[in-house]
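K.L.:
Sharing a structure below in structure tokens format, with a few things to ask.
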């Protein structure tokens with residue numbers, strides 16, 4: 001049809017269905033407890049009809065003396081049906097999905113035939129068609145239960161009890177058809193009729209045996225059908241029980257499989273026993289503390305919006321307190337929350353070591369870690385507890401500035417959230433303003449941390465170029481002064497004598513034989529005199 005006609009049809013449909021919207025729309029949340037409670041009452045009304053219509057049709061429990069009580073409960077349950085259809089379920093999905101058709105048929109007024117046939121409970125059979133409310137109640141109740149498998153076990157047991165209930169009703173009807181007490185096989189009419197027939201149904205459907213042999217054709221056919229239906233129904237119930245318990249223990253079975261596979265792998269490669277024990281301890285603690293081995297594997301099945309909601313509830317209060325991320329885009333922090341990974345460290349495990357390249361930031365979810373160092377590496381500088389953050393500067397530092405400056409090890413079992421540097425870089429691509437702010441903060445924090453270290457390094461370098469002269473000991477200084485004074489006095493006298501001898505005293509010719517020796521002495525004195533000039 002043309003767009004204009006299509007638009008008119010849509011508006012008309014909305015006008016027609018708008019009448020069905022009532023206050024019930026306010027409590028139709030999938031996990032709303034109020035709506036689940038209402039469905040519980042609808043399910044009770046449905047179970048009243050499911051369990052008691054067969055009883056009233058077969059057993060003589062509905063009498064003229066108590067008929068008014070039966071009718072009162074019947075119409076009270078019908079009132080719950082009416083309220084559920086026209087008040088609690090008026091929504092488009094309910095109308096267009098066809099659920100309303102079956103619910104309206106369940107209220108078909110066959111009770112009007114009571115005026116012609118009398119009160120016959122079989123005429124209330126349409127009330128059983130409101131089974132959608134029962135299954136919806138099951139789904140919604142399991143959605144709000146933390147251990148839904150418990151309810152599944154109860155529900156499966158109720159299926160078995162109901163099949164026995166119907167068989168007991170059919171057995172009483174067959175006994176009444178044959179005649180009560182007419183043969184050994186039928187009910188003899190003594191005692192509580194329902195209890196006796198229910199006992200027969202249990203022995204028949206569960207194939208316990210020990211029953212009287214049927215004698216008539218009706219009894220033989222009835223008993224054969226009972227055995228076939230019993231084997232089929234009982235096998236279905238056992239299979240459902242197995243599935244329920246299997247689903248309840250699926251996580252634990254996966255955990256056992258992982259542990260066994262890991263132990264087998266370590267044994268095949270002859271891993272040291274100490275390492276194997278630590279691996280087993282890690283598996284055991286992780287399973288007991290989290291109930292799973294990898295949270296990401298579970299959450300990856302959810303849509304991004306739901307993963308974000310869960311991550312925000314769990315981690316936002318911690319990450320928002322980190323000084324490095326304060327002032328950043330709120331949506332950037334939400335995107336970052338989805339990248340956090342949970343890791344468990346055993347007592348004594350090193351989270352990071354001094355000198356390592358830092359590629360992660362750590363947030364303590366549970367437990368404690370210690371910053372250690374010193375000559376022996378055992379001195380505890382500080383203890384960080386749940387909610388503390390460390391390693392955030394390494395996320396943005398480049399070059400050699402992202403090396404760890406201290407050793408950090410787990411003090412007891414510690415559960416940490418880890419944010420990888422690569423993940424943060426992928427997030428910051430979409431938030432340039434936050435990226436600039438983070439780099440500015442990181443640069444400021446790095447400058448503040450490096451300033452004391454740079455001053456020490458500068459002083460050390462200056463000392464190496466111009467070493468400081470040590471002070472002369474006083475005793476050595478005194479001895480040096482005395483020794484120096486006497487030596488210079490002797491040299492001064494020798495210098496004066498040599499000068500007089502060379503320049504004042506003339507050399508005599510007859511003393512030539514001694515001139516060689518004197519000349520050598522004079523020459524030596526001349527040289528000595530030059531040396532001190």
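Residue numbers (the UniProt record's numbering): 1 to 533. For every residue, glycine included, the Cβ atom is placed at its ideal position computed from N, Cα and C.
With a threshold of 16 other CB atoms inside 10 Å of the CB of residue 467, please say whether the residue is buried or exposed.
P.N.:
Any reading at residue 467 is ruled out, since the residue's pLDDT is 47, under 50, leaving its predicted position unreliable.
K.L.:
Spatial neighbours of residue 527 within its chain, please: C-beta separation below 6 Å, excluding the five flanking residues on both sides.
P.N.:
Per-residue confidence for residue 527 stands at a pLDDT of 37, beneath the threshold of 50, marking its modelled position as unreliable; the derived number appears in the next sentence. Nothing meets the Cβ criterion.
K.L.:
Answer with buried or exposed for residue 54, where buried requires no fewer than 16 other C-beta atoms within 10 angstroms of its C-beta.
P.N.:
buried
K.L.:
Looking at the structure shown, is residue 445 part of a helix, part of a strand, or coil, going by DSSP?
P.N.:
helix
K.L.:
Would residue 48 and residue 88 qualify as a contact pair, given that the criterion is a beta-carbon distance under 8 Å?
P.N.:
no
K.L.:
Whole-angstrom Cβ separation of residue 335 and residue 418, contact assumed at under 8 Å?
P.N.:
Residue 335 to residue 418, Cβ: 16 Å. No contact.
K.L.:
Is the beta carbon of residue 346 sitting closer than 8 Å to the one on residue 413?
P.N.:
yes
K.L.:
So, with DSSP's three-state summary, where would you put residue 317?
P.N.:
helix
K.L.:
Mind checking whether residue 151 and residue 172 have CB atoms under 8 Å apart?
P.N.:
No, the Cβ-Cβ distance between residue 151 and residue 172 is not below 8 Å.
K.L.:
Kindly indicate the opening and closing residues of the alpha helix (DSSP H) around residue 160.
P.N.:
148-178
K.L.:
Please report how far the alpha carbon of residue 411 lies from the alpha carbon of residue 369, in whole angstroms.
P.N.:
5 Å
K.L.:
Return yes when the Cβ of residue 111 is within less than 8 Å of the Cβ of residue 122, no when it is not.
P.N.:
no
K.L.:
What's the call for residue 408, buried or exposed, on a 16-neighbour Cβ count within 10 Å?
P.N.:
buried
K.L.:
Between residue 80 and residue 42, how many whole angstroms is the CB-CB distance? I'm expecting something under 8 Å.
P.N.:
6 Å
K.L.:
Which class does residue 336 belong to by DSSP, given the choice of helix, strand or coil?
P.N.:
helix
K.L.:
Determine the DSSP secondary structure at residue 326, reduced to helix, strand or coil.
P.N.:
When secondary structure is reduced to three states using DSSP, residue 326 falls in the coil class, being assigned neither helix nor strand.
K.L.:
Does the distance between the C-beta of residue 425 and the nearest non-hydrogen atom of the ligand PLP fall short of 7 Å?
P.N.:
The ligand PLP is absent from the structure shown, which contains no ligand whatsoever.
K.L.:
For residue 362, list the residues DSSP reports as bridge partners.
P.N.:
390 and 418
K.L.:
Quick test of your reading: residue 106 and residue 140, contact by CB under 8 Å. State the CB separation rounded to the nearest angstrom.
P.N.:
Actually they are not in contact, since the Cβ atoms of residue 106 and residue 140 sit about 20 Å apart, beyond 8 Å.
K.L.:
Mind checking who residue 222 pairs with in its DSSP beta bridge?
P.N.:
Answer is none; residue 222 lacks a bridge partner.
K.L.:
Check whether the segment 188-196 touches the segment 259-266, counting contact only when three or more Cβ pairs, one atom from each stretch, lie closer than 8 Å.
P.N.:
no
K.L.:
Closest to residue 395 by CA distance: which of 387, 415, 374 and 423 is it?
P.N.:
Ranking 387, 415, 374 and 423 by Cα distance to residue 395 puts 423 first.
K.L.:
Output the boundary residues of the alpha helix (DSSP H) element that contains residue 264.
P.N.:
250-268
K.L.:
Find out if the Cβ-Cβ distance for the pair residue 582, residue 381 is shorter than 8 Å.
P.N.:
The requested residue 582 does not occur in the structure, where the chain is confined to residues 1 to 533.
K.L.:
Which one of 327, 248, 329 and 371 has the shortest CA to CA distance from residue 348?
P.N.:
371
K.L.:
Could you give the distance in angstroms between the alpha-carbon of residue 379 and the alpha-carbon of residue 373?
P.N.:
Cα atoms of residue 379 and residue 373: separation of roughly 5 Å, rounded to the nearest angstrom.
K.L.:
Return the CA-CA distance between residue 230 and residue 176, expressed in angstroms with no decimal places.
P.N.:
Spanning the two alpha carbons is a distance of roughly 22 Å.
K.L.:
Within its chain, find whatever has a CB closer than 8 Å to the CB of residue 459; leave out the 5 residues flanking it on each side and keep chain order.
P.N.:
Annotation note: pLDDT 44 at residue 459 (below 50); position unreliable, coordinate value reported separately. So the list is empty, once near-sequence residues are dropped.
K.L.:
Excluding the 5 residues flanking residue 168 on each side, which residues of the same chain have their C-beta closer than 6 Å to its C-beta?
P.N.:
197, 198 and 201
K.L.:
Tell me which residues share the same chain as residue 69 and place their Cβ nearer than 8 Å to its Cβ, disregarding the 5 neighbours each side in the sequence.
P.N.:
Residues of the same chain with their beta carbon placed closer than 8 Å to that of residue 69 are lacking, with the five preceding and five following residues left out of the count.
K.L.:
Among the residues of its own chain, which have a CB less than 7 Å from the CB of residue 136, if the five just before and after it don't count?
P.N.:
39
K.L.:
Using CA atoms only, rank isn't needed, just tell me which of 355, 73, 63 and 60 is closest to residue 45.
P.N.:
73
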